[in-house]
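Line by line, the protein sequences are chains W and V.
Sequential numbering from 13 applies to the first sequence in this note's numbering.
Sequential numbering from 316 applies to the second sequence in this note's numbering.
No residue lacks a Cβ here, since even glycine has one placed at the ideal position from N, Cα and C.
Values in this document were obtained by computation on a predicted structure and should not be read as measured data.
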Amino acid sequence: MNAKDLVIIPAFNESETLPDVLSELRQVLPGIDVVVVDDGSSDGTGRAVGEQPGVRVLRLPFNLGIGSALRTGFRYAVDEGYQRAVQLDADGQHDPTEIPRLLEALDGADFVIGTRFGSGGSTYEVGHTRRGAMRVLRLALRMLSGRRFSDTSSGFRAFDRPVLEYFALNYPSEYMESVEVLLQATYEGFRIAEVPVRMNARAGGRPSTLRLGLAYHYVRVLVTLFVRASRRRPDRPDPSTGDGGAT
Amino acid sequence: MIRATLVATSDPSAQIGEMTPRAHVFVALAAVGVLVFIVRLVRRHGLRTKYSLLWISVGVALATLAVFPDLLTIVSELLGIYYPPATLLLLAVGFLFLVVVHFSWELSRSEERIRVLAEELALLRERTERGGATVGGSEDGPAPPAADH
Numbered sequence: 013m014n015a016k017d018l019v020i021i022p023a024f025n026e027s028e029t030l031p032d033v034l035s036e037l038r039q040v041l042p043g044i045d046v047v048v049v050d051d052g053s054s055d056g057t058g059r060a061v062g063e064q065p066g067v068r069v070l071r072l073p074f075n076l077g078i079g080s081a082l083r084t085g086f087r088y089a090v091d092e093g094y095q096r097a098v099q100l101d102a103d104g105q106h107d108p109t110e111i112p113r114l115l116e117a118l119d120g121a122d123f124v125i126g127t128r129f130g131s132g133g134s135t136y137e138v139g140h141t142r143r144g145a146m147r148v149l150r151l152a153l154r155m156l157s158g159r160r161f162s163d164t165s166s167g168f169r170a171f172d173r174p175v176l177e178y179f180a181l182n183y184p185s186e187y188m189e190s191v192e193v194l195l196q197a198t199y200e201g202f203r204i205a206e207v208p209v210r211m212n213a214r215a216g217g218r219p220s221t222l223r224l225g226l227a228y229h230y231v232r233v234l235v236t237l238f239v240r241a242s243r244r245r246p247d248r249p250d251p252s253t254g255d256g257g258a259t
Numbered sequence: 316m317i318r319a320t321l322v323a324t325s326d327p328s329a330q331i332g333e334m335t336p337r338a339h340v341f342v343a344l345a346a347v348g349v350l351v352f353i354v355r356l357v358r359r360h361g362l363r364t365k366y367s368l369l370w371i372s373v374g375v376a377l378a379t380l381a382v383f384p385d386l387l388t389i390v391s392e393l394l395g396i397y398y399p400p401a402t403l404l405l406l407a408v409g410f411l412f413l414v415v416v417h418f419s420w421e422l423s424r425s426e427e428r429i430r431v432l433a434e435e436l437a438l439l440r441e442r443t444e445r446g447g448a449t450v451g452g453s454e455d456g457p458a459p460p461a462a463d464h
């Protein structure tokens, strides 16, 4: 019905960077539709977008977290009949010129992750604590999903219609949903691909995690992962192979 | 030793595991207090019936114990617990644990429902602001009831 692609930008208090992200996006991909999900921002993020052709704003009445913001965006994409969608951060760390590469990768996959540690070269730096914690998460994810993901927390992703329809109803709302959802998508049998992309250092805004609660948050994610794994239905046919064979 | 002295000071004739008259009065008062408190909550602050029933039954259980203190001794013997007040504590802790776990579950469910509602609201608001293109329309809904005369 709608042959166009959609860019979904979840934004929580990003009024400083969001206008630049949108204008850059406009320059690189003039024709693409954009939906900004304002996750209950208090700094007028929704207003900062203003009236722009091709850009719509969904305003959540209060802050629900990125998982819910994304789920709202996915529902919008499904309701409006988009066949493909890209998730983009509002803080300017994702380079819009990489969007076409993510969309191209959807030809052989349902769910594409733009990874910052790939061979494509990256200028992105992460702290020691964070790096260690991410390693543990990756290990847990590898054990539970049976496959390797090089960047589990990247929020630069692309989805095809079946994934959009599934996520519109089932996208998780727990903390650090970006990791949990990889497990979920694997169990659902979606084909996941990774594409190395260039990422910028954060242009503004605050990092989403405070160091103070880091350990607690990572434990929470681990618990969430194991809960997700335990909910796995054992005999689910695998849509990618079509013969119901387990991988 | 301590147990014995405690009982002895309050009532020399009481044996271990039996309620003294003073404890009797105390439990009865507590039971009445619980009932009055819950009825007030229901009437003034709209406590839901399912919760009021829960707490009223607690009050009734307490009142029953106050009237028939032997019940506690009988239950204790059945469970093989030597010291009857421990039975009361055990049951109370077990009951409260179940109630709190139930509330955690209900809270999670309510939170998820609020979440979904808020998401729906954001989608609907955007749609109405845009001009209600997909809302309503010319579908043949139920005709307005004809006014009689």
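Along chain V, in chain order, which residues have C-beta atoms closer than 8 Å to that of W:V69? E441
Local Cβ density within 10 Å of V:F410, reported as buried at 16 or more and exposed below that: exposed
Can you name the residues of chain W whose CB is closer than 8 Å to the CB of V:R430? L76, S80, S185
I need the DSSP call for W:T164, collapsed to helix, strand or coil. coil
Under 8 Å: do the region 399-413 of chain V and the region 41-50 of chain W share three or more Cβ pairs, one atom per stretch? no
Enumerate in chain order the residues of its own chain whose CB-to-CB distance from W:G188 is below 6 Å, with the five nearest sequence positions on each side excluded. In the sequence on display, residue 188 of chain W carries Met and not Gly. So the list reads V233, once near-sequence residues are dropped.
Would you say W:S166 and W:R128 are within 8 Å of each other, going by their C-beta atoms? yes
At least 3 beta-carbon pairs within less than 8 Å: the region 193-203 of chain W vs the region 173-181 of chain W: yes
W:Q105 to W:E26 span [Cα, whole Å]: 12 Å
Residues bridged to W:D50 [DSSP beta-bridge criterion]: W:A23, W:R71
Which value, in whole angstroms, describes the spacing of the CA atoms of W:F86 and V:L404? 51 Å
Decide if V:L368 is buried, meaning its Cβ has at least 16 other Cβ atoms within 10 Å, or exposed. exposed
Apart from the five residues just before and just after V:E454, which ones in its own chain have a Cβ nearer than 6 Å to its Cβ? Per-residue confidence for V:E454 stands at a pLDDT of 38, beneath the threshold of 50, marking its modelled position as unreliable; no derived number is given.
Length of the line joining the Cα atoms of V:T364 and V:F418: 15 Å
Within its chain, find whatever has a CB closer than 7 Å to the CB of W:S242; leave out the 5 residues flanking it on each side and keep chain order. none
8 Å Cβ cutoff met for W:G58 and W:R38: no
Could you tell me whether any Cβ in chain V is nearer than 8 Å to the Cβ of W:P112? no
With DSSP as the reference, label W:Q64 as helix, strand or coil. coil
My output table needs one value for W:A180: the three-state DSSP class, helix, strand or coil. helix
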